[in-house]
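Taken in order, the sequence shown gives residues 21 to 110; the numbers are from the working numbering. Positions of the beta carbon are idealized from the N, C-alpha and C atoms, including for glycine. Keep in mind that this is a model prediction, so the values were computed, not measured. See structure below.
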Amino acid sequence: MVKKEKTILEVGKRRLAIARAVIKEGTGKVFINSKPLDLWGTDVLRLWIKEPLILAGDLAKAVDIHVNVRSGGIVGQAEAVRQAIAKALV
Numbered sequence: 021m022v023k024k025e026k027t028i029l030e031v032g033k034r035r036l037a038i039a040r041a042v043i044k045e046g047t048g049k050v051f052i053n054s055k056p057l058d059l060w061g062t063d064v065l066r067l068w069i070k071e072p073l074i075l076a077g078d079l080a081k082a083v084d085i086h087v088n089v090r091s092g093g094i095v096g097q098a099e100a101v102r103q104a105i106a107k108a109l110v
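Here you go:
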């Protein structure tokens with residue numbers, strides 16, 4: 021019997037930016053536009069994105085998060101990513 025993997029899809033919007041988050045069981049990795057979070061944006065933007073993950077605690081360490089974000093500026097994109105992740109974790 022094939023084990024079904026639970027997948028959660030969520031959308032976050034901020035100004036013109038649209039982020040789509042896909043959350044699956046995993047080891048706590050976060051990718052934005054196929055890049056690891058540590059290589060995306062500035063330190064402050066990464067901290068904004070990590071806030072919902074910090075608040076989620078152990079739950080965030082048990083899932084992998086893949087986010088596709090487009091349109092808008094870098095700050096709007098970061099806020100859209102943050103919103104999509106927070107909505108998906110709830």
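Excluding sequence positions up to five away, which residues of its chain have a Cβ less than 6 Å from the Cβ of Gly92? Arg35, Leu36 and Ala37
DSSP three-state label for Leu75, please. helix
Cross-strand partners of Lys55 (DSSP beta bridge): Ile52
Could you name the residues that DSSP lists as bridge partners for Ala37? Arg34
Might you give, ordered along the chain, the residues of its own chain that have their beta carbon closer than 6 Å to the beta carbon of Gln103, omitting 5 neighbours on each side? Gly32
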